[in-house]
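K.L.:
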Amino acid sequence: MSANDLAVVWAGIIALAVFAYVVMDGFDLGIGILFPIFAVGDERDQAMNSIAPVWDGNETWLVLGGGGLLAAFPLAYAIILPATYPLMIAMLLGLVFRGVAFEFRWRDAEHRRYWDAAFTLGSVIAAAAQGITLGAVLKGIRVAHNAYAGGWLDWLSPFSLLTGASIVLGYALLGATWLVWKTEGGAQQHARRMALRLGALTLIAMVAVSVATPFLQYDYWRRWFTLPNVFLTAQVPLLVIIAAGVFFWSLRRGAERLPFLMVLALFLLNFIGLGVSVFPYLVPREVTIWDAAAPVRSQEFMLVGAAIIVPIIIGYTAWAYWVFRGKAGTHGYH
Amino acid sequence: MFDSLNAVVLARAQFGFTVSFHFIFPAFSIGLASYLLVLEALWLKTGKALYLDLFMYWLKIFAVAFGMGVVSGIVMSYQFGTNWSVYSQKVGPIIGPLMAYEVLTAFFLEAGFLGVMLFGMSKVGKSLHFFATCMVALGTLISATWIISANSWMQTPTGFAINSSGQFVPSGAWSTILFNPSFPYRLVHTVIGAYLTTALAVGAVGAWHLRRNRHDPYARTMFSMAMWMAALVAPMQILAGDTQGLNTLHYQPAKVLAMEGDYDRNPHGAPLILFGMPSNADATVRDAVEIPRLGSLVLLHDPNAALPGLKDFPRDQWPPVPIVFWSFRIMVALGMSMLALGVWSLVARARGRLFEWHWLHRAAILMGPSGFVAVIAGWVTTEVGRQPYTVYGQLLTAESHSPLAAPAVAASLVAFVVVYFAVFGAGTTYILRMMNRVPEAREREPAHVPQHAAGITPAPGINR
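Protein chains in written order, with my numbering: chain A, 1 to 334; chain B, 1001 to 1464.
1) Given that A:TYR171 touches chain B, what residues does it touch there, using C-beta distances under 8 Å?
2) Let me know the secondary structure DSSP gives B:SER1020 once reduced to three states.
3) Exposed or buried, which one is A:GLY151 when buried takes at least 16 other CB atoms within 10 Å?
4) A:ILE204 versus chain B: which residues are under 8 Å apart at the beta carbon?
5) Note the first and the last residue of the continuous alpha helix (DSSP H) segment covering B:GLY1203.
6) Excluding sequence positions up to five away, which residues of its chain have a Cβ less than 6 Å from the Cβ of B:ALA1410?
7) For the beta strand (DSSP E) that B:ASP1287 lies in, which residues bound it at each end?
8) At which residues does the alpha helix (DSSP H) containing A:PHE38 begin and terminate?
9) Compute the distance between the beta-carbons of A:TYR171 and A:GLY273, then report whether it is under 8 Å.
10) If I follow the unbroken beta strand (DSSP E) through A:TYR85, where does it start and stop?
11) Identify whether A:THR60 lies in helix, strand or coil by the three-state DSSP scheme.
12) Using the Cα positions of B:TRP1359 and A:MET88, report the straight-line distance between them to the nearest angstrom.
13) So, helix, strand or coil for A:GLY326, using DSSP?
14) Output needed for B:GLU1290: all residues of its chain with C-beta closer than 7 Å, excluding positions within five of it in sequence on either side, in chain order.
15) Is it true that the CB of A:VAL9 sits closer than 8 Å to the CB of A:LEU303?
16) Hey, out of A:PRO311, A:ALA17, A:ASP5 and A:MET48, whose CA is closest to A:TRP178's CA?
17) Let me know the secondary structure DSSP gives B:ARG1012 once reduced to three states.
18) Can you find a CB in chain B that lies within less than 8 Å of the CB of A:MET24?
19) How is B:ILE1273 classed by DSSP in three states: helix, strand or coil?
20) With a threshold of 7 Å (Cβ to nearest heavy atom), would A:ALA293 be considered close to the ligand HEM?
21) Which of helix, strand or coil does DSSP assign to B:TYR1389?
22) Going along chain A in order, which residues have a C-beta closer than 9 Å to the C-beta of B:ILE1074?
23) Using the Cβ count rule (16 or more neighbours within 10 Å means buried), how would you classify A:ALA320?
24) Helix, strand or coil, according to DSSP, for A:PHE225 in the structure here?
25) With H, G and I counted as helix, E and B as strand and the rest as coil, what does DSSP make of B:TYR1035?
26) Under 8 Å, Cβ to Cβ, is there at least one residue of chain B near A:LEU121?
27) Please confirm whether B:PRO1319 and A:PRO295 have their CB atoms less than 8 Å apart.
28) Residues of chain A with CB under 8 Å from B:PRO1170, in chain order?
29) What are the partner residues of A:VAL287, as DSSP defines its beta bridges?
30) Pull up the DSSP beta-bridge partners for B:VAL1169, would you.
31) Give the residues from the stretch 125-156 of chain A that approach chain B closer than 8 Å (Cβ to any Cβ), ordered along the chain.
32) Short of 7 Å in beta carbon distance, which residues of its chain neighbour B:PHE1372, apart from the five on each side in sequence? Order them along the chain.
33) Taking the alpha helix (DSSP H) that B:ASP1242 belongs to, which residues open and close that run?
34) Within 10 angstroms of the Cβ of A:GLU110, are there 16 or more other Cβ atoms? Answer buried if so, exposed if not.
35) Taking its Cβ as the centre, do 16 or more other Cβ atoms sit within 10 Å of B:GLU1443, making it buried, or is it exposed?
36) Out of B:PRO1253, B:SER1077, B:LEU1339 and B:PHE1328, which one is the CA nearest neighbour of B:LEU1200?
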């Protein structure tokens, strides 16, 4: 395999890890975001139980994404992380808080209110930090001599705040539709109502981000709207419209699983759209995957491990979700 | 200049803080995983329910410690980029794969076997469950191996070349990098340290319950096992530390001289400085209490051997001597106390007073946290002793950091300190609470914690 192909393979692995993280931790962060809206007691316990067996498996994809980026594309890792320093720290602290809140809320009934608040706060902070990071990277990072060359608040812009809000809404929508699937009775009806509203809000946010993105840099515009690209790229918004249509239709018709799957489809389409905008750049207009790639010997060495272990992880994850396929209930999965 | 210096110092403080906090949990879970393995093996071999009850008792504590290790570990995989971006960019091609393997191993372990170990006893049968326990214990050791290899490479780098963009890239076989000269010594010293730490914690819990009821069979078993471990492993650890010291003297002499406080060269045998106030500014140890020639005897195994001094090295290659000097002494003093406790327990055992000697139990309780302090002190010694380099002799710390602004790092440092003390303080409280509970017959997961989530958990095991 040539060095160029190897870099593409690694970009694929990391993209997979990031997407797996976004959709899987997305729905459990979403439940954290929506948590204060749920009624204390039954509704909260059902929501918590529905994600308890899977959340930290979900989160480990984030470690794989970060570790993989350092190992395969050290230059990109070394530019993006300092550029988004306060966001990364906020995200990590948010994840610490919500991770332990999960555990401690059961161990310490007296202080459950506080751990529930920590769960929500941590989830909102982590989601917003991830969304703002996305916006900051899309908007562009100042690079000079292979290093970040901006200040520590460069990531802050109206566009990055817009993407931050969009991700919070999107994760909340994932969480709500997950609950439609996993709960029953009053909790499910509540989740369904939330999903309708969040669906509308998320679509508005998506449109806003999609409209704003091509105006950030001419390159984005060129990729989406010039001939003949437009014939291919136009399929993405077309599919978004279809997925959104099915989403609302299925939600109103009382379907339990389809709304969640349609939201996954929306996330996937957004992710593909992101790929269209930036590939092969890791830091838009500055650093490509080939600029940032670690030497072939390093990428090869890791590929052996990844090729064996990543499929096993995927298989095991799929199996675990299969095991927990029923409704969550208030005392755990039936 | 002043600003950038401040940001580097703050970044180091932050990294040191988060990594020290993180390491407490793996130090415990490495040892505890092996202890659980032994308990389950004893249960399978003897069929005594006592061992199963102890297994279940410690399993709950293990779950919380492991969970906190995972959570604080996520932070570490991003700290390299946030605080040490130049280091990450330059050293990524070598350190990155080692860390990626560590992540993959931990991931695999977590996804695969931890859930079975925690919740699957009734689900998968005894032998498969035991297999899962073995894999978790093995996994913690493999994880440690990768990360110690990466750390050791920073201390004694081998098998690399520097390419046109200033990156460290592998030049020979990966095995040269993995098995760098200090790796075996450091691995042995660290793993034994984890075992000893766990033994002392288990021993303290045993002693705590013996103080309440010295006929309690659980307390007796825990205490006896832990004291055997302390008596056998403490001397091994001292030996392992000694050989690592010799290795360090060979590859990083300035570090050892800083540990010893030897500023001046000693052509005719160096003394061993017991205490004193080292000062880099005056290049001397004030008020030193020393034993002549013992330093050379310990380090070179010859009382008259010549030993260089820090003054033989350029001033800008000295590590911060006072920190290294004192952290080393804390570690050694605790190590000697552990040995003393182990010997005391042997005497008590020989006289048949192991479960009756109150002062021994008090001492064991006092020594309960000593392993954690000792491993942190040991890491401070070796990591601060590596200064002023991140990659020893190759890359300066002052050239490794991210382009950071001091206010950003200061704010995040404060945030880390506050959050960690709140969150992990609560976690430690819960662990202590669990330890305070007396082990019972037919020990299980409490019914109201059905949804514990460390790992992807195979279903119904958790629902009782």
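Ideal placement from N, C-alpha and C gives every residue a C-beta, glycine not left out.
P.N.:
Once the coordinates are examined:
1) The contacting residues do not exist; A:TYR171 stays about 18 Å from chain B at best.
2) Under the three-state reduction of DSSP, B:SER1020 is assigned to helix.
3) With fewer than 16 Cβ atoms within 10 Å of its Cβ, A:GLY151 is classed as exposed.
4) In chain order: nothing, as chain B lies at least about 32 Å away.
5) Start and end: 1183-1212.
6) Within the same chain, and ignoring the five residues on either side of B:ALA1410 in sequence, the residues whose Cβ sits closer than 6 Å to its Cβ are LEU1010.
7) Per DSSP, B:ASP1287 belongs to the beta strand (DSSP E) from 1284-1291.
8) Here A:PHE38 belongs to no alpha helix (DSSP H), and DSSP marks it neither H nor E.
9) No, Cβ-Cβ distance for A:TYR171 and A:GLY273 is not below 8 Å.
10) Segment 85-107 is the alpha helix (DSSP H) holding A:TYR85; no beta strand (DSSP E) there.
11) A:THR60: helix per DSSP, three-state reduction.
12) Those two C-alpha atoms are separated by around 50 Å.
13) A:GLY326 sits in coil when the DSSP states are folded into three classes, being neither helix nor strand.
14) Within the same chain, B:GLU1290 has close Cβ partners PRO1271, LEU1272, ILE1273 and LEU1274.
15) Yes, the Cβ-Cβ distance between A:LEU303 and A:VAL9 is below 8 Å.
16) When each option's Cα is compared against that of A:TRP178, the closest is A:MET48.
17) B:ARG1012: helix per DSSP, three-state reduction.
18) At a cut-off of 8 Å between beta-carbon atoms, A:MET24 makes no contact with chain B.
19) B:ILE1273 falls in the strand class under three-state DSSP.
20) The ligand HEM is absent from the structure shown, which contains no ligands of any kind.
21) Judged by DSSP in its simplified three-state form, B:TYR1389 adopts strand.
22) Neighbours of B:ILE1074 across chain A, judged by C-beta separation under 9 Å: GLU59, THR60, LEU62, VAL63, GLY66, LEU92, LEU95, VAL96 and GLY99.
23) In this structure A:ALA320 is buried. Its beta-carbon is surrounded by 16 or more other beta-carbon atoms within 10 angstroms.
24) For A:PHE225, the three-state secondary structure derived from DSSP is helix.
25) Three-state DSSP puts B:TYR1035 in a helix.
26) No, no contact with chain B.
27) The Cβ-Cβ distance between B:PRO1319 and A:PRO295 does not fall below 8 Å.
28) Those within 8 Å of B:PRO1170 in chain A are PRO295, ARG297, SER298 and PHE301.
29) The bridge partners DSSP lists for A:VAL287 are A:VAL283.
30) The partner list for B:VAL1169 (beta bridge, DSSP) reads B:ALA1161.
31) Flagged, chain order: ASN146, ALA147, TYR148, ALA149, GLY151 and TRP152.
32) Answer for B:PHE1372: ILE1024, ALA1027 and THR1197, listed in chain order.
33) From DSSP, the alpha helix (DSSP H) with B:ASP1242 extends over 1217-1251.
34) Here A:GLU110 is exposed. Its C-beta has fewer than 16 other C-beta atoms within 10 Å.
35) Taking all protein chains in view, the Cβ of B:GLU1443 is crowded by 16 or more other Cβ atoms within 10 Å, so the residue is classified as buried.
36) Residue B:LEU1339 is the option with its Cα nearest to B:LEU1200.
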